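2 protein chains.
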Amino acid sequence: MTKQVKREDIIRAAMDLIAAQGFHGAPMSMIAEKAGVGVGTIYRYFENRDILIKAVYQEIEERLVTFLSRDYPYDQPVRNCFFHVAKGLVTYFVQNPMEFKYSEQFHYSPFGEAHRRNRIFKTAGQPDIFLELYERGLAQQVIKTLPPTVFFNLAFAPIAWSLRDHILEMIRMDDALAQVLAASCWDSVKK
Amino acid sequence: MTKQVKREDIIRAAMDLIAAQGFHGAPMSMIAEKAGVGVGTIYRYFENRDILIKAVYQEIEERLVTFLSRDYPYDQPVRNCFFHVAKGLVTYFVQNPMEFKYSEQFHYSPFGEAHRRNRIFKTAGQPDIFLELYERGLAQQVIKTLPPTVFFNLAFAPIAWSLRDHILEMIRMDDALAQVLAASCWDSVKK
DNA sequence: GTATTAGGAATGAACATTCATTCATAATAT
DNA sequence: ATATTATGAATGAATGTTCATTCCTAATAC
Numbered sequence: 001m002t003k004q005v006k007r008e009d010i011i012r013a014a015m016d017l018i019a020a021q022g023f024h025g026a027p028m029s030m031i032a033e034k035a036g037v038g039v040g041t042i043y044r045y046f047e048n049r050d051i052l053i054k055a056v057y058q059e060i061e062e063r064l065v066t067f068l069s070r071d072y073p074y075d076q077p078v079r080n081c082f083f084h085v086a087k088g089l090v091t092y093f094v095q096n097p098m099e100f101k102y103s104e105q106f107h108y109s110p111f112g113e114a115h116r117r118n119r120i121f122k123t124a125g126q127p128d129i130f131l132e133l134y135e136r137g138l139a140q141q142v143i144k145t146l147p148p149t150v151f152f153n154l155a156f157a158p159i160a161w162s163l164r165d166h167i168l169e170m171i172r173m174d175d176a177l178a179q180v181l182a183a184s185c186w187d188s189v190k191k
Numbered sequence: 001m002t003k004q005v006k007r008e009d010i011i012r013a014a015m016d017l018i019a020a021q022g023f024h025g026a027p028m029s030m031i032a033e034k035a036g037v038g039v040g041t042i043y044r045y046f047e048n049r050d051i052l053i054k055a056v057y058q059e060i061e062e063r064l065v066t067f068l069s070r071d072y073p074y075d076q077p078v079r080n081c082f083f084h085v086a087k088g089l090v091t092y093f094v095q096n097p098m099e100f101k102y103s104e105q106f107h108y109s110p111f112g113e114a115h116r117r118n119r120i121f122k123t124a125g126q127p128d129i130f131l132e133l134y135e136r137g138l139a140q141q142v143i144k145t146l147p148p149t150v151f152f153n154l155a156f157a158p159i160a161w162s163l164r165d166h167i168l169e170m171i172r173m174d175d176a177l178a179q180v181l182a183a184s185c186w187d188s189v190k191k
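As they're listed, the protein sequences go chains A and B.
The first sequence begins at 1 in the numbering used here and counts up one residue at a time.
The second sequence begins at 1 in the numbering used here and counts up one residue at a time.
Right, dumping it as structure tokens:
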């Protein structure tokens, strides 16, 4: 087993356990067992628990941004780009519910608070898809004049909450619902 | 000091500590100290930690519902009622940031998941303000045809996220912003 | 004087982290 | 080609700490 694979096993195990049980319900010993490695081994790959937790989140963020960037309709109107992102979010997280639950745990924790201050979804190097959307929308006067955070909240908070409801099996998120949801969010930010 | 007062002191101390530091950062000994009572005393009022945590949340929910029910414009159009609730939420939580942060912590924890299944903000006995809004909106055909949860998410998720941003001092929530926010949320659910 | 309430030291369970030891593989010598 | 040695990855028992809960004693009420 290569080094990289083992690292990924640990990340996967931590993600699944924390997503399912919360930070509490996932002691290092359990993560080690699920990853099929010794406890000590984890510390060869991650300095300590906090660093592991942050690494898992970074992994998720990177995968999401990569997914959303695929076929991004850069040269099309803001509205189309918004739908691409909104529906991409739904598609990605419906397919990867553990990633979603982990992100939520992370987000609403002391880690997340620190992280959010820097800026959500801003991955070093890559252009910020979300910010680009906001700035172009403002410049072209197709969205309301709002602080970027508020725009972001109107545009994506209902999607996040609905994804949560879907994952908890309180609603069923299909293409039709995703479409209505995205359209409604657009209604709330469009001029 | 009466029994009731002591109970409230404990609830307040738990709320403030957990809101500020998370569930982790608020051991019983710290709650006791902040409340000005012995650790053992807490166990005279609350069977165990989990029960205390749930009691704090119930307290918050009750206060909120009471606040929102005051001057509720029952006989006015759905739209007005929606604005009453939306702005009431903002007013209440801007004035009571610890209540907001605690609710968030609670909501995104194993406790919250269990709780949400029953139904958010449904306080036994009182009519459910939120559900009433949805049902009347549908009946009068002033809102889109959506599952109740999705309606709820569109209507209130952006407000919750923005309250969070305000409390973390990333934006400033004043009356003007609350108004725009409420109006935008309404835009997303209105027919 | 008795009953009830408060207090906080003591207890034991859970957990993150460490570190001495094992073991597989690679490097080197013969 | 085979034997010997070196390297460092992997391991999990041991350690020290934190914390919820208990329970005995003190204070207070009646």
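Every residue, glycine too, gets a C-beta built ideally from N, C-alpha and C.
All values derive from a computational prediction rather than experimental measurement.
Quiz item: According to the Cβ coordinates, are tyrosine 108 (chain B) and glutamate 169 (chain A) closer than 8 Å?
Solution: Here residue 108 (chain B) corresponds to residue number 108 of the second sequence, with the count starting at 1. Here residue 169 (chain A) corresponds to residue number 169 of the first sequence, with the count starting at 1. In this structure, glutamate 169 (chain A) does not lie closer than 8 Å to tyrosine 108 (chain B) by Cβ.
Practice problem: Using the Cα positions of aspartate 16 (chain A) and phenylalanine 100 (chain A), report the straight-line distance between them to the nearest angstrom. | Solution: In the first sequence, the residue the question calls residue 16 (chain A) occupies position 16. In the first sequence, the residue the question calls residue 100 (chain A) occupies position 100. When rounded, the distance between both Cα atoms is 10 Å.
Quiz item: CA-CA distance, valine 192 (chain B) and lysine 87 (chain B)?
Solution: With chain B represented from 1 up to 191, any question about residue 192 (chain B) goes unanswered, as that position is not in the structure.
Quiz prompt | Residues of its chain near alanine 176 (chain A), where Cβ-Cβ distance is below 6 Å and the 5 sequence neighbours each way are ignored | solution = In the first sequence, the residue the question calls residue 176 (chain A) occupies position 176. Closer than 6 Å at the Cβ level, and outside the excluded window around alanine 176 (chain A), lies no residue.
Practice problem: Could you tell me the distance, in whole angstroms, from the CA atom of glutamine 140 (chain A) to the CA atom of serine 69 (chain B)? | Solution: For the purposes of this step, residue 140 (chain A) is taken as the residue at position 140 of the first sequence. For the purposes of this step, residue 69 (chain B) is taken as the residue at position 69 of the second sequence. So the alpha carbons of these two residues sit roughly 42 Å apart.
Quiz item: According to the neighbour-count rule (16 or more other Cβ atoms, all chains shown, within 10 Å of its Cβ), is alanine 182 (chain A) buried or exposed?
Solution: The residue labelled residue 182 (chain A) in the question sits at position 182 within the first sequence. The residue in question, alanine 182 (chain A), is buried, as its Cβ has 16 or more Cβ neighbours within 10 Å.
Quiz item: aspartate 174 (chain B) CB to nearest chain A CB: under 8 Å?
Solution: On the second sequence, residue 174 (chain B) is found 174 positions in, with the first residue counted as 1. No, aspartate 174 (chain B) does not count as interfacial toward chain A.
Exercise. Output yes or no for whether 8 Å exceeds the beta carbon distance between alanine 35 (chain B) and alanine 20 (chain B).
Key: As a working note, residue 35 (chain B) is residue 35 in the second sequence. As a working note, residue 20 (chain B) is residue 20 in the second sequence. Going by C-beta atoms, alanine 35 (chain B) is not nearer than 8 Å to alanine 20 (chain B).
Quiz prompt | DSSP-derived helix/strand/coil call for lysine 101 (chain B) | solution = The residue you call residue 101 (chain B) lines up with position 101 of the second sequence. Helix.
Quiz item: Can isoleucine 143 (chain B) and phenylalanine 151 (chain B) be called in contact, C-beta distance under 8 Å?
Solution: As a working mapping, residue 143 (chain B) is identified with position 143 in the second sequence. As a working mapping, residue 151 (chain B) is identified with position 151 in the second sequence. Yes, these two residues count as a Cβ contact at 8 Å.
Quiz item: How would you call glycine 137 (chain B), buried or exposed, if buried means at least 16 neighbouring beta carbons within 10 angstroms?
Solution: As a first step, residue 137 (chain B) must be located in the second sequence, where it is residue number 137. Buried is the call here.
Quiz item: Using the C-alpha atoms, what's the distance from alanine 178 (chain A) back to asparagine 153 (chain B)?
Solution: Position 153 of the second sequence, counting from 1, holds the residue named residue 153 (chain B). Position 178 of the first sequence, counting from 1, holds the residue named residue 178 (chain A). Rounded to the nearest angstrom, the two C-alpha atoms are 13 Å apart.
Quiz prompt | Within-8 Å CB hit, cysteine 81 (chain A) to chain B | solution = Here residue 81 (chain A) refers to the residue found at position 81 when the first sequence is read from its first residue. Cysteine 81 (chain A) does not count as touching chain B.
Quiz item: To the nearest whole angstrom, what separates the beta carbons of tyrosine 45 (chain A) and isoleucine 10 (chain A), a pair I think is in contact under 8 Å?
Solution: Position 45 of the first sequence, counting from 1, holds the residue named residue 45 (chain A). Position 10 of the first sequence, counting from 1, holds the residue named residue 10 (chain A). Indeed they touch by this definition, with Cβ atoms about 6 Å apart.
Self-check item: Exposed unless 16 or more other CB atoms sit within 10 angstroms - verdict on tyrosine 102 (chain A)
Solution: In the first sequence, the residue the question calls residue 102 (chain A) occupies position 102. The residue in question, tyrosine 102 (chain A), is buried, as its Cβ has 16 or more Cβ neighbours within 10 Å.
Quiz item: Nearest-angstrom Cα distance between arginine 116 (chain A) and threonine 149 (chain A)?
Solution: To locate residue 116 (chain A), count along the first sequence from 1; it is residue 116. To locate residue 149 (chain A), count along the first sequence from 1; it is residue 149. Those two C-alpha atoms are separated by around 11 Å.
Exercise. Taking lysine 144 (chain A) as the query, report the chain B residues whose CB atoms sit under 8 Å from its CB, ordered along the chain.
Key: Position 144 of the first sequence, counted from the first residue, corresponds to residue 144 (chain A). Within 8 Å Cβ-Cβ: Val180, Ser184.
Quiz item: Taking C-alpha atoms, which residue in B:Met173, B:Val90, B:Ile167 lies nearest to glutamate 113 (chain A)?
Solution: Here residue 113 (chain A) corresponds to residue number 113 of the first sequence, with the count starting at 1. Of the candidates B:Met173, B:Val90, B:Ile167, the one whose C-alpha sits nearest the C-alpha of glutamate 113 (chain A) is B:Ile167.
Exercise. Find the nearest neighbour of arginine 172 (chain A) within the set A:Phe67, A:Ala155, A:Thr91, A:Leu146, judged by alpha-carbon distance.
Key: Along the first sequence, read from residue 1 onward, the residue named residue 172 (chain A) stands at position 172. Cα-wise, what sits closest to arginine 172 (chain A) is A:Thr91.
Practice problem: Check the Cβ-Cβ distances between aspartate 187 (chain A) and every residue of chain B, and say whether any is below 8 Å. | Solution: Position 187 of the first sequence, counted from the start, is the residue given in the question as residue 187 (chain A). Closer than 8 Å: yes.
Quiz item: Which residues share a DSSP beta bridge with isoleucine 143 (chain B)?
Solution: Your numbering for residue 143 (chain B) matches position 143 in the second sequence. In the DSSP secondary-structure assignment, isoleucine 143 (chain B) is bridged to B:Lys190.
Quiz item: In whole angstroms, what is the alpha-carbon distance linking asparagine 96 (chain B) and alanine 155 (chain B)?
Solution: On the second sequence, residue 96 (chain B) is found 96 positions in, with the first residue counted as 1. On the second sequence, residue 155 (chain B) is found 155 positions in, with the first residue counted as 1. The straight-line gap from Cα to Cα measures roughly 21 Å.
Quiz item: If we call anything under 8 Å between Cβ atoms a contact, is isoleucine 31 (chain B) one with phenylalanine 111 (chain B)?
Solution: By 1-based counting over the second sequence, the position of residue 31 (chain B) is 31. By 1-based counting over the second sequence, the position of residue 111 (chain B) is 111. The answer is no: Cβ separation not under 8 Å.
Quiz item: For asparagine 153 (chain B) and chain A, any beta-carbon pair shorter than 8 Å?
Solution: Position 153 of the second sequence, counted from the first residue, corresponds to residue 153 (chain B). So yes, asparagine 153 (chain B) belongs to the interface.
Quiz item: Can you tell me the Cα-Cα spacing of serine 162 (chain A) and valine 39 (chain A), whole angstroms?
Solution: Counting from one through the first sequence, the residue named residue 162 (chain A) turns up at place 162. Counting from one through the first sequence, the residue named residue 39 (chain A) turns up at place 39. Spanning the two alpha carbons is a distance of roughly 37 Å.
Exercise. Could you tell me how far apart the beta carbons of valine 180 (chain B) and leucine 133 (chain A) are, in whole angstroms, since I believe they sit closer than 8 Å?
Key: Along the second sequence, one-based indexing puts residue 180 (chain B) at 180. Along the first sequence, one-based indexing puts residue 133 (chain A) at 133. Wrong, their Cβ atoms sit about 19 Å apart, outside the cutoff.
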